[in-house]
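Numbering (our numbering), first residue to last: 7 to 230.
Ideal Cβ positions, reconstructed from N, Cα and C, are used throughout, including at glycine.
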Ligand code: SF4
């Protein structure tokens, strides 16, 4: 299994050399807030509001003292804006009060912050601090099952399976590539198997559209 998994990982690396975190950020704090805002939304919607948000509130001290109504107005397009406003303001207060206004760089500390689970913590660790971590989002969970890497939809099981199959220094980029592939080609409802760059290696290559031309038409950039 390790050999096939690594071959799929290599094929994805060849197919998506530009894969990266699709949230815009310039600091660990911005990535943390953007990741919290991205729950049940899209990275594009989040990117459309974070420029304004971070110009107005450039760090945890500023956001901790924000008027909720002002933040709600800015982040409204991402959805669940009242809950998310409360979360990012409280998150900022805790960073100021407990961590000297600096986002902590350990999993143990990050998950003590309100609204921050292992997935969000690993996104921040991997992309802002260079600490290896697996981020079992909906795409990784779906594709890891289709690739035969795991037979479970529990995030913890997927995380452990991927960690066992790949070296730690590949985890972050592997997750980006799998997520890109899930967004663009291996969709939840109608995977584009006939136009898939890992078709020859994938044990689930019979579940989606087989006609190459029709499958090519299913490939898309993530929705706005
Ligand atoms: S062959 Fe089909 S199921 Fe397998 S990765 Fe490609 S699109 Fe997904």
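Tell me the DSSP secondary structure of residue i in three-state form.
i: residue 193; result: coil
i: residue 98; result: helix
i: residue 183; result: helix
i: residue 73; result: coil
i: residue 29; result: coil
i: residue 87; result: helix
i: residue 51; result: helix
i: residue 160; result: coil
i: residue 198; result: coil
i: residue 66; result: helix
i: residue 177; result: helix
i: residue 165; result: helix
i: residue 213; result: coil
Ignore the nearest five residues each way along the sequence and tell me which others in residue i's own chain have a CB closer than 7 Å to its CB.
i: residue 52; result: 29, 40, 43, 44, 84
i: residue 135; result: 34, 111
i: residue 89; result: none
i: residue 67; result: 102, 107
i: residue 18; result: 183, 184, 187, 204
For the alpha helix (DSSP H) that residue i lies in, which residues bound it at each end?
i: residue 151; result: 144-152
i: residue 172; result: It is not in any alpha helix (DSSP H) - residue 172 carries neither H nor E in the DSSP assignment.
i: residue 133; result: 124-134
i: residue 105; result: Segment: none, residue 105 is in no alpha helix (DSSP H) and carries neither H nor E.
i: residue 117; result: Residue 117 -> no alpha helix (DSSP H), and no H or E assigned at all.
i: residue 8; result: 8-21
i: residue 36; result: 34-43
i: residue 224; result: 218-224
Give me, in chain order, the residues of the same chain whose beta-carbon lies closer than 6 Å to that of residue i; leave out the 5 immediate sequence neighbours on both sides.
i: residue 63; result: 69, 72
i: residue 137; result: 131
i: residue 128; result: 139, 141
i: residue 154; result: 209
i: residue 122; result: 116
i: residue 14; result: 153, 204, 207
Spatial neighbours of residue i within its chain, please: C-beta separation below 8 Å, excluding the five flanking residues on both sides.
i: residue 125; result: 141, 142, 143, 161
i: residue 221; result: 198, 199, 200, 201, 202, 214, 215
i: residue 46; result: 85, 86
i: residue 5; result: Limits of the chain in this structure are 7 at one end and 230 at the other, which puts residue 5 out of reach.
i: residue 212; result: 199
i: residue 37; result: 27, 29, 31, 129, 130, 133, 134
With distances taken from each beta carbon to the nearest heavy atom of the ligand SF4, which residues come in below 7 Å, in chain order? Counting only beta-carbon distances shorter than 7 Å to the non-hydrogen atoms of the ligand SF4, the qualifying residues in chain order are 149, 152, 153, 187, 191, 192, 197, 198, 199, 202, 204, 205, 208, 210, 211, 213, 214.
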